[in-house]
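Everything below concerns the one structure shown next.
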Amino acid sequence: MTIYLYAVSEEERYKISSIHAYAKNYLKSWFPQLPSYVNFNIRLSGLSAVFPVLVGCFLRDADRTGVDFGVSLLDSLPIITCSGKRAGKIAPALTDKGYCSSKGLHCYGSKLHAMSFRRVERIPFPELLKLTLASENDLNAFREILKTTKDRTTFADKAYVDEELANCARDRASGIYTPVKLVKEESELLRQQKKSSR
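In this note's numbering, the protein residues as written are 773 to 970.
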């Protein structure tokens with residue numbers, strides 16, 4: 773795990789084969805019992821349960837200066853394992869075929885959803901991270917959590933537009949702010965008029 777974290781953070785190497793080759797060529801004196809690539813990969817895969825605990829430790833000890841606990845930011849990002857033209861074979865229990873609207877493509881993979889607290893002029897402070905299948909709607913990932921939050925303003929993208937959820941948030945003195953979805957084939961003049969009236 774030390775080799776992996778060092779190579780990713782300091783050497784910006786992200787492929788396991790590249791990390792192992794780097795350790796073999798430059799860190800052999802520090803790790804004289806470095807296993808073969810296959811065994812290194814098996815050991816690293818066996819440590820996968822440790823990474824969420826490690827992230828939890830980092831967040832617990834992280835600097836919370838400037839964190840606004842009354843404002844949340846929601847977003848998600850795709851974790852693409854292969855294009856939608858091929859059958860996905862990597863981690864079939866965690867991946868499926870979905871559509872990534874930001875990239876405009878069909879692909880196999882997962883989605884990482886993040887709910888974070890706002891920090892002025894800094895990266896948001898993570899509150900909750902969730903991994904779902906690529907086909908999962910963004911709104912479904914946080915629907916139940918958003919129904920229970922109180923006294924909080926939440927900013928999200930168009931995927932979180934939902935009338936029922938907005939009404940539920942108002943009942944708990946919360947607000948969910950999302951951009952307005954554009955109507956297909958609507959004239960640009962009408963869109964500008966709607967924007968100016970808000």
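Ideal placement from N, C-alpha and C gives every residue a C-beta, glycine not left out.
Since the model is a prediction, treat every value here as computed from it, not as a measurement.
* Pick out whichever of T925, D868, L918 and V825 has its Cα sitting closest to the Cα of D934. => By one-based count along the sequence shown, residue 934 stands at place 162. Comparing Cα-Cα distances from D934 to each of T925, D868, L918 and V825, the minimum goes to L918.
Inset, instruction - Pick out the complete beta strand (DSSP E) segments inside the segment 775-857, 3 residues or longer, and give them in chain order. - result: 839-855
*Helix, strand or coil: which one does DSSP assign to L901?*
Walking along the sequence shown from the start, residue 901 turns up at place 129. In this structure, L901 counts as strand in the three-state DSSP scheme.
| request: Pick out whichever of Y880, D868 and S873 has its Cα sitting closest to the Cα of D929. | output: Residue 929 sits at position 157 when you count from the first residue of the sequence shown. Of Y880, D868 and S873, the residue nearest in Cα terms is S873.
Q. Which of helix, strand or coil does DSSP assign to L866?
A. By 1-based counting over the sequence shown, the position of residue 866 is 94. Residue state, collapsed to three classes: coil.
Residues near K922 by beta carbon distance below 8 Å, same chain, minus five either side: Numbered from 1 along the sequence shown, position 150 holds the residue referred to as residue 922. In the same chain as K922, and ignoring 5 residues on each side of it, the C-beta atoms closer than 8 Å to its own belong to R944, A945 and S946, in chain order.
Fill in: Contacting residues, own chain, Cβ-Cβ under 7 Å from S882 (five flanking each side not counted)
As a working note, residue 882 is residue 110 in the sequence shown. I851, L866, T867, L903, T904, L905 and A906, listed in sequence order.
Practice prompt. Consult DSSP for R924 and reduce its assignment to one of helix, strand or coil.
Written response: For the purposes of this step, residue 924 is taken as residue 152 along the sequence shown, with counting starting at 1. R924 falls in the coil class under three-state DSSP.
### Query
Apart from the five residues on each side of it in sequence, which residues of its chain come closer than 8 Å, Cβ to Cβ, to P807?
Reading the sequence shown from its first residue, position 35 is the one you call residue 807. Same-chain partners within the cutoff: R815.
Alpha carbon to alpha carbon, how far is K800 from Y786?
-> As a working note, residue 800 is residue 28 in the sequence shown. As a working note, residue 786 is residue 14 in the sequence shown. In a straight line, the C-alpha of K800 is about 19 Å away from that of Y786.
Worksheet entry | R944: first and last residue of the uninterrupted alpha helix (DSSP H) it sits in | The count along the sequence shown starts at 1 and reaches residue 944 at position 172. Where R944 is concerned, there is no enclosing alpha helix (DSSP H), because DSSP gives it neither an H nor an E.
### Bridge partner(s) assigned by DSSP for M887
As a position in the sequence shown, residue 887 is number 115, starting the count at 1. For M887, which the question treats as bridged, DSSP gives the partners L846 and L900.
Check your understanding: How about I775 and A793: do their beta carbons lie closer than 9 Å?
Key -> By 1-based counting over the sequence shown, the position of residue 775 is 3. By 1-based counting over the sequence shown, the position of residue 793 is 21. I775 is not a Cβ neighbour of A793, given a cutoff of 9 Å.
Exercise for review: Taking only beta-carbon positions, decide if E916 is within less than 9 Å of chain D.
Suggested key: The structure shown contains no chain D; it is built from a single protein chain.
* Asked: Between the segment 835-855 and the segment 813-827, do three or more beta carbon pairs fall short of 8 Å?
  -> no
- Task: Compare the beta carbon distance of L914 and L846 with 9 Å and say whether it is the shorter of the two.
- Result: Translated into positions along the sequence shown, residue 914 becomes position 142. Translated into positions along the sequence shown, residue 846 becomes position 74. The question names Leu, but residue 914 is Phe in the sequence shown. Yes.
Given a threshold of 16 other Cβ atoms within 10 Å of its Cβ, counted over all protein chains shown, does T926 qualify as buried or as exposed? The count along the sequence shown starts at 1 and reaches residue 926 at position 154. It is buried - the Cβ of T926 has at least 16 other Cβ atoms within 10 Å.
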